[in-house]
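Chemist: What follows is a single structure, and I will ask about it in a moment.
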Amino acid sequence: MRLKEVLSDTDSLDEYDVIYAKRPWSLNAEAYVVRYQEGQTVIRFFEDAPSFEYFLEAPLVKDIRQQVEDAGRSSDEVLDVLLYYAENDAFP
2 MRLKEVLSDT DSLDEYDVIY AKRPWSLNAE AYVVRYQEGQ TVIRFFEDAP SFEYFLEAPL
62 VKDIRQQVED AGRSSDEVLD VLLYYAENDA FP
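Residue numbers (my numbering): 2 to 93.
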């Protein structure tokens with residue numbers, strides 16, 4: 002799955018989902034979503050898939066998406082803001 006697909010379909014994300022992607026992060030980067038269960042840790046995930054890095058948590062993606070859409074931005078702009086936020090931990 003590509004990062005663009007994950008970020009474009011936020012309705013399918015659960016509150017316990019975390020997005021991981023391969024660097025360099027771009028909309029074409031390989032990505033997947035991990036749904037954390039009780040007792041599962043980030044450390045365990047990195048042991049199983051060391052080439053993937055934490056991108057963002059689903060609730061944060063949904064919140065950012067809503068804010069950007071409410072500001073009247075296009076879908077492409079939403080994706081650009083999400084990439085920027087993941088890289089910089091801040092809005093552009």
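Glycine included, each C-beta is placed from N, C-alpha and C at the ideal position. None of these values were measured; they are calculated from a predicted model.
#1: Buried or exposed: which applies to D18, given that a residue is buried once 16 or more other Cβ atoms fall within 10 Å of its Cβ?
#2: Label F92 either buried or exposed according to how many other C-beta atoms from any shown protein chain fall within 10 Å of its C-beta, with 16 as the threshold for buried.
#3: Could you check if A72 is buried or exposed, using at least 16 other CB atoms within 10 Å of its CB as the buried criterion?
#4: Do you know offhand how far R74's Cα is from Q38's?
#5: Per DSSP, which one or two residues make a beta bridge with Y1?
Modeler: The structure says:
#1: Looking up residue 18 in the sequence shown gives position 17. It is buried - the Cβ of D18 has at least 16 other Cβ atoms within 10 Å.
#2: Taking the first residue of the sequence shown as 1, we reach residue 92 at position 91. So F92 counts as exposed.
#3: Numbered from 1 along the sequence shown, position 71 holds the residue referred to as residue 72. It counts as exposed.
#4: Translated into the one-based positions of the sequence shown, residue 74 becomes position 73. Translated into the one-based positions of the sequence shown, residue 38 becomes position 37. Their backbone Cα atoms lie some 34 Å apart in a straight line.
#5: Here the chain has residues from 2 to 93 only, and residue 1 is not among them.
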